[in-house]
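To start, the structure under review is shown below, and the notes come after it.
Protein chains: 2
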Amino acid sequence: MNTTRSGRPALTRPDGTPLRVLVVDDDPDLAEVLSGALRYEGWQIRTAGDGASAVAAARELLPDAVVLDVMLPDTDGFAVLRALHTVKADVCVLFLTARDAVEDRIKGITAGGDDYVTKPFSLEEVVARLRGLLRRAGMARQLDEGPRLTVGDLVMDEEAREVTRGGELIELSPTEFELLRFLMRNPRRVLSKAQILDRVWSYDFGGRAHVVELYISYLRRKVDAGREPMIHTVRGAGYVLKPVAS
Amino acid sequence: MNTTRSGRPALTRPDGTPLRVLVVDDDPDLAEVLSGALRYEGWQIRTAGDGASAVAAARELLPDAVVLDVMLPDTDGFAVLRALHTVKADVCVLFLTARDAVEDRIKGITAGGDDYVTKPFSLEEVVARLRGLLRRAGMARQLDEGPRLTVGDLVMDEEAREVTRGGELIELSPTEFELLRFLMRNPRRVLSKAQILDRVWSYDFGGRAHVVELYISYLRRKVDAGREPMIHTVRGAGYVLKPVAS
DNA sequence: GTGCCCGTTCAGAGGGTCCTCAGAGGTTGT
DNA sequence: ACAACCTCTGAGGACCCTCTGAACGGGCAC
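As they're listed, the protein sequences go chains A and B. In this text, residue positions in the first sequence follow UniProt numbering: the first is 1, and each later residue adds one. In this text, residue positions in the second sequence follow UniProt numbering: the first is 1, and each later residue adds one.
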């Protein structure tokens, strides 16, 4: 079976081959970071820097999904979208956009099931949105992984944004939710504060690792409150989420 | 079974294959947004930009329904309509028309079972009308989904435009009705304000997400008034409709 | 045991999101 | 023409979320 670099089973195409994703952004650094994160999911990645080469690359790769910066040097996002759909009608598109551009340029995009994230985004968010898109589009094989994440008696429904432990509902703020999602997608693995920062906080976040500690403490208060703890500190290394009967 | 990209069961042809719809509009952006929304319903879509290519496409696709702009660069919509009927006699047609234009002729045409929406329209409206047309024409297989939507004790009769909760009638304005319909067609799923805006408001609406908040508050006043709330805010993410006993 | 460092938690500032009200402007129906 | 209704804008304010700084405490090395 196809697996991620992290050892988790990968989300794959229905036939078991890796999902194919095209990343289109004119900032090479950002494209690099993005494709790194997506490769980590076990997917096959290609990048392009403008609309024309994006369409050319799509014709070769026939991607299942495209991560597409709305602001490209040559064409506007809408034209690229149209071109992509003629290449492969059922392709999913995740747009990257500046915060203020949301209102005009993206208008109507999400109605087709496509989605967008605003810059600056966190990698965790991009990956989650992409996974959501691919799953809903039926591109991905749903094996053990459904739309809900489970670690012990802790359950997260990503679509409803609902978390329960032992059946009891837990209310989380957006950042708490993303942090917990990252932990739950990497159970039994020690995650360093640097990893967590890179993944859960936006890429332009200048702050310190101290925030991670703070949010871990918030999470503990809500997730572990009065129960057998699932979130453990590994001194000098990071944090790890484990089911209770480990 | 054929399903929509959202995971809901799709409205299909009687034999279970996807419904085939042809979109005819000379504005490529609008055609793109429309076909995106219809593809999201799990249907097979083709587009054309003028009357001649529309007829050609219809000959190939043999569509169950056609979404047809009345104002086309080459021919007028009615000539196209006649041509379409010679290609496939039982085709359903949904006209797109400007507000003041040709009321009489449209009304004459729609007596035959076809329907129309005036520009600017919302995608939710187009999709709903199309679903209604196809259902009435017997093109579509009526699976579990009838003309009535149910979430908990909240019931919507789309055809009668009637909403009740716990048997009690709720009066809604047109926009409130469409917003609630969209929520009810996506229960237990968090919908972002952008998604709602794209889907429920007309495509040329320049306004802000603030309107969504406003209309949610209207809906709450009517739907949740004095009862266990079904409409929930998910801070930083959007809104979600859930039956009370979740 | 002692000292240092890592991690935890508290308190609070600042900013942002969301809710509601009031009213203008437009449309519909009488 | 008038009334009723619907839709949207703008402003005010409440509340929540995020992050900073500082104090506290427990583990680990020596």
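Yeah, the Cβ is synthetic: ideal placement off N, Cα and C, and Gly gets one too.
Expressed to the nearest angstrom, what Euclidean distance is found between the alpha-carbon atoms of residue i and residue j?
i	j	result
phenylalanine 95/B	valine 55/A	33 Å
arginine 161/A	phenylalanine 177/A	8 Å
lysine 88/B	glycine 132/B	19 Å
alanine 52/B	threonine 118/B	23 Å
alanine 57/A	glycine 7/B	29 Å
lysine 193/A	glycine 238/B	29 Å
valine 127/B	arginine 185/B	12 Å
leucine 123/B	proline 174/A	29 Å
leucine 214/B	arginine 82/B	44 Å
proline 229/B	valine 151/B	13 Å
aspartate 204/A	valine 24/A	19 Å
arginine 181/B	arginine 39/A	39 Å
valine 91/A	glycine 112/A	11 Å
methionine 139/B	valine 190/B	32 Å
proline 14/B	arginine 135/B	11 Å
valine 234/A	valine 240/A	7 Å
aspartate 153/A	proline 9/A	21 Å
valine 223/A	leucine 30/B	46 Å
glycine 36/A	glycine 16/A	21 Å
histidine 232/A	glycine 42/B	45 Å
aspartate 157/A	leucine 34/B	30 Å
arginine 99/A	glycine 207/A	21 Å
alanine 225/A	proline 243/A	15 Å
phenylalanine 121/A	tryptophan 201/A	8 Å
alanine 137/A	leucine 130/A	11 Å
aspartate 74/B	leucine 11/A	48 Å
isoleucine 109/A	arginine 227/A	44 Å
glutamate 84/B	leucine 179/B	Reading the sequence as shown, one finds leucine at residue 84/B and not glutamate. Roughly 34 Å separates the two Cα atoms.
isoleucine 106/A	aspartate 26/A	18 Å
histidine 210/B	glutamine 195/B	13 Å
proline 28/B	methionine 71/A	19 Å
valine 80/A	tyrosine 116/A	15 Å
valine 93/B	phenylalanine 78/A	27 Å
valine 155/B	threonine 97/B	31 Å
valine 212/B	arginine 141/B	34 Å
Count the other CB atoms within 10 Å of the CB of residue i; is the residue buried (16 or more) or exposed (fewer)?
i	result
threonine 3/A	exposed
serine 217/A	exposed
arginine 59/B	exposed
threonine 86/A	exposed
glutamate 32/A	exposed
alanine 245/A	exposed
residue 248/A	An answer regarding residue 248/A cannot be provided, because it is not within the stretch 1 to 246 covered by chain A.
aspartate 198/B	buried
aspartate 69/B	buried
aspartate 76/B	exposed
arginine 188/A	exposed
glycine 166/A	exposed
aspartate 114/A	buried
arginine 148/A	exposed
arginine 5/B	buried
For a test of the three-state rule: what should DSSP assign to residue i, helix, strand or coil?
i	result
methionine 184/A	helix
proline 73/B	coil
valine 155/A	strand
leucine 197/A	helix
leucine 191/B	strand
arginine 161/B	coil
valine 212/B	helix
tyrosine 218/B	helix
valine 244/B	coil
proline 18/B	strand
proline 9/B	strand
arginine 148/A	strand
threonine 3/B	strand
leucine 179/A	helix
arginine 136/A	helix
> Can you find at least 3 beta carbon pairs, one from the segment 10-29 of chain B and one from the segment 60-70 of chain B, that sit closer than 8 Å?
Replying inline: yes
>> For the pair the segment 33-51 of chain B and the segment 152-171 of chain B, tell me if three or more CB-CB distances fall below 8 Å.
In response: Contact fails: fewer than three Cβ-Cβ distances are below 8 Å.
>> Runs of 3 residues minimum, wholly inside the UniProt domain "Response regulatory" (20-134) of chain A: which ones carry the beta strand (DSSP E) assignment?
In response: 20-24, 44-48, 65-69, 92-98, 115-119
> If you pair each beta-carbon of the segment 39-48 of chain A with each one of the segment 168-175 of chain A, do three or more pairs fall below 8 Å?
Replying inline: no
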